[in-house]
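Engineer: Structure in structure tokens, see below.
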Amino acid sequence: MIKVCKFGGTSMADGITALRVKRILEADPARRYVVVSAPGKRYSGDIKITDLLLETAQEVKEGGHVGDAYAKVAARFRSLVKELSLGFEIEPLLEETARQIEQERSADFCASRGEYLSGRIMAALLGVPFIDAKDVIKFEGGHLDGEKSYSLVREALKGKRRAVVAGFYGEDERGHVKTFPRGGSDITGAVVARAVGADEYENWTDVSGFLACDPRIVPGAVGIDKLSYKELRELSYMGANVLHAEAVYPVREANIPIRILNTFRPQDAGTRIVSTEHFRPDGRTVTGIAGKKDFTVIFIEKAQMNEMSGFALRPLEVLKRHDISFEHMPSGIDTLSFVIDSNQLKGGVLAEVLAEIEACVAPDKMNVIENIALIAVVGHGMNRNVGTAARLFRAIARAGVNVRLIDQGSSELNIIVGVDNENYERSIKAVYDEFFGPDAA
Ligand code: ASP
């Protein structure tokens, strides 16, 4: 039995939490390979090491040398080593790192040093080998080269019973350090799990798994004990950010279950994420609710649109020219609409897009609705329970909210509802009550 365990920034924040990590690893001999993040916040208002390193990169860019931000990074690592009473020589490593940062002058290299140093320290604490992610995680054309990385990780871990791998970064085809997007140590963990054919990928964080909805909107929202990869994808994409959305792919292909666990409450069962084929919804209609604010809907109407072949291509080309991606494209016989993240339409872009669509399809009518929030109601259980949509819309209507848009994914795994931004929280509460409240079936 092999488990790969990834520990997030709060799990590595100080000596006490790092010792918790050690105890968790020692509690189960299957927990053999460990991926760590850089130390995160110790308390609210604290600054993550990665953020300090990004500040350091800016300092080096402007003045050529590391400055105050790096001094804070060094102090954090110094005290981490001290709290752990490690006989580990951190000073030369911190000096060498500063020199390398000044030489490399790359924000990615600089940001990656948090995971590098954190990995070195964790390996020393556990007394196991350290694997530099630069040697095993490879990027090609800006993206993870999965096959190459799996085989290099496998090779590096061959014959090692236990090891620590630094999260978040790797090396590109030109030999430069490159980082994943923020939160990307989750992806490193998934790559390592896939490479060694793990029986489970444990992702240790500071919450006990996914909740049925955002607890800032519904305090005390229930936990989700089981999710399918597909449900996870829908929920993470719509803002449930417990696990990086891209971490799913490496493990999904190999059917490796993921478990989200809490370093600060290791006794909690957490959330288990399993393959869609093996998923049984356990009688629940809805698995989870997620959502995001600030979308814009462009609505186009043209009589007999259904008879014009290639009609939709023209507005799509306008979007492509502006490098705009859309989230949803609900359509009717004579109507077509695009739901777009409003950030992409700022600074006059919306007006340009509208003028170009007008010029290329001469619509009978074109409307723009701004400040729309999308709510995704997700669950495999929805397609086998009659009346789910009716319950959903009744709940929103009871809350006095007008639904501005509806889109049901063709997989019947989700229903997306658009409401005005100002009605977002109220709608989520109403939907949660309907499907998870005391009277819910
Ligand atoms: N340390 C990086 C970040 O703060 C990566 C990670 O923690 O996964 O985004």
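Counting along the sequence shown from 1, when you hit position 413 you're at 451 in this note's numbering, and nothing is skipped either side. Backbone N, C-alpha and C fix where the C-beta goes; we use that ideal spot for every residue, glycine too. Bear in mind that the values here come from a model prediction, so they are computed numbers and not experimental data.
#1: Check whether the stretch 225-233 touches the stretch 67-82, taking contact to mean three or more Cβ pairs, one atom from each stretch, closer than 8 Å.
#2: Measuring CA to CA, which of 212, 56, 179 and 159 is closest to residue 172?
#3: Are the stretch 304-313 and the stretch 255-270 touching, with three or more C-beta to C-beta distances below 8 Å?
#4: Comparing the CB of residue 151 with every heavy atom of the ligand ASP, is any distance shorter than 7 Å?
#5: When the Cβ atoms of the stretch 428-440 are set against those of the stretch 387-401, are three or more pairs found closer than 8 Å?
#6: As a quick exercise: from 382, 247 and 46, pick the residue whose alpha carbon is nearest that of residue 206.
#7: Within the same chain, show all residues whose beta-carbon is closer than 7 Å to that of residue 119, passing over the 5 residues directly before and after it, in chain order.
#8: Three or more C-beta pairs closer than 8 Å, one from the stretch 173-192 and one from the stretch 229-237: is that the case here?
#9: If I measure Cβ to Cβ from residue 341 and keep anything under 7 Å in the same chain, skipping five residues before and after, which residues do I get?
#10: Is the beta carbon of residue 411 less than 8 Å from the beta carbon of residue 276?
#11: Cβ atoms of residue 152 and residue 91: under 8 Å apart, would you say?
#12: Does the stretch 241-256 touch the stretch 454-468, meaning 3 or more C-beta pairs lie closer than 8 Å?
#13: Measuring alpha carbon to alpha carbon, tell me which residue in 375, 374 and 361 is nearest residue 381.
#14: As a quick exercise: from 200, 156, 216 and 192, pick the residue whose alpha carbon is nearest that of residue 179.
#15: By a C-beta neighbour count over all protein chains shown, 10 Å radius and 16 as the cutoff for buried, is residue 472 buried or exposed?
#16: So what's residue 366 in DSSP terms, helix, strand or just coil?
#17: Check whether the Cβ atoms of residue 145 and residue 95 sit closer than 8 Å, and answer yes or no.
#18: Can you grab the Cα-Cα spacing for the pair residue 197 / residue 261, in whole Å?
#19: Among 357, 374 and 293, which one has its Cα closest to the Cα of residue 346?
#20: Can you find the residues in the same chain that come closer than 7 Å, C-beta to C-beta, to residue 323, ignoring five residues on each side of it along the sequence?
#21: Hey, out of 123, 298 and 87, whose CA is closest to residue 108's CA?
#22: Just verifying my parser: in three-state terms, what is the DSSP assignment at residue 177?
Structural biologist: The structure says:
#1: yes
#2: Taking residue 172 as reference, the option from 212, 56, 179 and 159 with the minimal CA-CA separation is 212.
#3: yes
#4: no
#5: As far as the Cβ criterion goes, the stretch 428-440 does not touch the stretch 387-401, which means the pair count is below three.
#6: Looking only at 382, 247 and 46, the smallest Cα-Cα distance to residue 206 is reached by 46.
#7: 126, 128 and 159
#8: yes
#9: 372 and 402
#10: no
#11: yes
#12: They touch, by the three-pair rule.
#13: 361
#14: 216
#15: Buried is the call here.
#16: strand
#17: yes
#18: Looking at the two C-alpha atoms, the distance is approximately 39 Å.
#19: Among 357, 374 and 293, the Cα nearest to that of residue 346 is on 374.
#20: 417, 419, 420, 423, 426 and 473
#21: Of the listed residues, the one whose Cα sits closest to residue 108 is 87.
#22: Correct three-state label for residue 177: strand.
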